[in-house]
Amino acid sequence: MEDKSQTLSMFEVIGPCMIGPSSSHTAGALRIALITSKLLNAPITKAEFTVYASFADTLEGHGTDRALVAGLLGFEADDIRIRDSIKIAESRGIDLTFVKDTETHVPHPNTVRIRVETEGGGSLSIMGSSLGGGAAEVNRLNDFSVEMSGNYHTLVVLHRDSPGVMSRVTGLLATKGINIAFMRLYRTQRGRAACAIIEVDQYPGEDIAVELMQAAMVGEVYIVPQIAAELPAPATEAGEAELESLTDELRKRLAIPVELNEYFQNHSLTSGCQMLELAERFSCSLGTIIMARELQLTEVSFPDAVRKLRRIWQVMSESVATGLAEPIPTMGGLIGGGAAKMRDYSAANLPVSGALWGRLMAAALAVPEVNAAMGLIAAAPTAGAAG
548 MEDKSQTLSM FEVIGPCMIG PSSSHTAGAL RIALITSKLL NAPITKAEFT
598 VYASFADTLE GHGTDRALVA GLLGFEADDI RIRDSIKIAE SRGIDLTFVK
648 DTETHVPHPN TVRIRVETEG GGSLSIMGSS LGGGAAEVNR LNDFSVEMSG
698 NYHTLVVLHR DSPGVMSRVT GLLATKGINI AFMRLYRTQR GRAACAIIEV
748 DQYPGEDIAV ELMQAAMVGE VYIVPQIAAE LPAPATEAGE AELESLTDEL
798 RKRLAIPVEL NEYFQNHSLT SGCQMLELAE RFSCSLGTII MARELQLTEV
848 SFPDAVRKLR RIWQVMSESV ATGLAEPIPT MGGLIGGGAA KMRDYSAANL
898 PVSGALWGRL MAAALAVPEV NAAMGLIAAA PTAGAAG
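Just so you know, we're using the working numbering here: the sequence shown kicks off at 548 and counts up by one.
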């Protein structure tokens with residue numbers, strides 16, 4: 548069995564930036580619905596959500612209902628409008644229904660079936676599961692059992708099972724310079740309806756759908772763009788200059804050796820002991836090792852990695868400041884105001900552990916309060932663990 552830790556990005560450990568309170572029950576639920584929204588080619592008129600197992604338990608309490616609707620509306624996980632998504636959908640005339648099914652056995656407890664109707668009479672049925680940390684997988688598309696995560700640009704090709712169809716599809720992708728990362732084929736039975744899920748490294752463009760239907764003689768083609776954390780550009784020229792300066796400073800400070808880059812082209816990182824050995828061998832910091840591994844593992848550019856890290860740090864800092872500013876009404880009402888009390892207690896030099904630990908505890912309490920109020924936080928590695 549593959550050890551997932553060997554291919555785990557550092558942005559799966561810190562991040563994503565998301566609206567709380569739960570990476571599984573909020574962000575993951577939204578991701579399933581967001582994938583669904585990208586498979587639609589007409590405005591939604593009706594949506595029915597059947598939630599199973601733990602999703603049925605957390606529907607209102609963890610904002611799963613609002614997250615599902617937000618995903619269908621195309622909102623990202625860090626969009627503050629998630630809080631009001633149901634009102635927004637209803638204002639657009641979308642008929643919403645939620646059904647709790649606690650009897651049906653499902654392979655994963657965080658599972659939802661979404662049935663959607665669109666203008667013009669179109670319909671779609673999706674089943675998906677939230678896997679933790681904001682990750683999710685669509686495992687059923689209409690009559691097909693599938694696997695689709697949204698981690699890659701994805702082509703969904705519906706066709707009739709017959710010889711040569713997929714060779715024409717892959718041939719056309721090759722002529723466009725589009726590299727296939729993963730491809731899975733499904734069919735209802737021999738010679739009948741079939742489905743291909745093709746995950747690719749480059750965005751194929753909307754025109755590819757028409758070309759595939761003409762050249763490969765397939766029925767329908769849907770393009771699902773990669774669902775990834777946005778890299779917000781600084782709002783001002785000064786902000787851009789600051790980011791460039793930070794990038795240059797980190798590049799110099801980390802000073803990634805060429806030999807270390809070459810090492811991670813052929814090796815994975817399997818343990819803390821290995822990290823220490825590499826730090827000694829290449830005379831570098833642990834931060835240098837992690838960054839070098841990230842650049843080779845995900846092929847993200849150094850500036851984009853810094854931009855992501857800066858965004859996460861900003862959200863972390865702002866969530867601490869927000870939680871300390873004043874008590875925030877939380878969804879369950881069980882917490883709120885504790886962070887500010889700990890800050891004041893620490894300022895009076897009362898904690899037995901000392902003022903420093905008091906300030907750290909205040910910051911650690913502030914983030915969960917923001918999270919529980921459906922505020923913006925950076926999961927680390929989950930929303931529940933943030934802070």
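Every residue gets a Cβ at the ideal spot worked out from N, C-alpha and C, and that includes glycine.
Just so we're clear, the structure is a prediction, and the values are computed from it rather than from any experiment.
- Between Val598 and Phe645, the CB-CB gap stays under 8 Å.
- Annotated as proximal: Thr929 and Gly679, with beta-carbon spacing under 8 Å.
- Only buried fits Asn918, as 16 or more other CB atoms lie within 10 angstroms of its CB.
- When C-beta atoms of the stretch 797-810 are compared with those of the stretch 832-842, three or more pairs fall below 8 Å, so the two segments count as touching.
- DSSP, reduced to helix, strand and coil, places Asn689 outside both helices and strands of the structure shown, so it counts as coil.
- Here Gly675 is buried. Its C-beta has 16 or more other C-beta atoms within 10 Å.
- For Asp631, DSSP assigns no beta-bridge partner whatsoever.
- Contact between the stretch 870-887 and the stretch 895-904 is absent: fewer than 3 CB-CB pairs across the two stretches fall below 8 Å.
- Nearest to Pro563 by C-alpha distance, out of Gly766, Asp626, Pro751, is Asp626.
- Between Val716 and Ala743, the CB-CB gap stays under 8 Å.
- Excluding five sequence positions before and after Arg662, the CB atoms of its chain that fall closer than 6 Å to its own CB belong to Glu595, Ser672, given in chain order.
- Around the C-beta of Lys799, fewer than 16 other C-beta atoms lie within 10 Å, and the residue is accordingly described as exposed.
- As for any beta strand (DSSP E) of minimum length 3 sitting wholly inside the stretch 594-655, the runs are 642-648, ordered along the chain.
- For Val805, the enclosing alpha helix (DSSP H) has its first and last residue at 805-813.
- Ala886 is positioned such that its CB atom lies closer than 8 Å to that of Glu916.
- For Phe558, there is no enclosing beta strand (DSSP E), as DSSP marks it with neither H nor E.
- Collapsing the DSSP output to three states places Thr877 in coil.
- Note: Leu923 is bridge-paired with Ile566 in the DSSP secondary-structure output.
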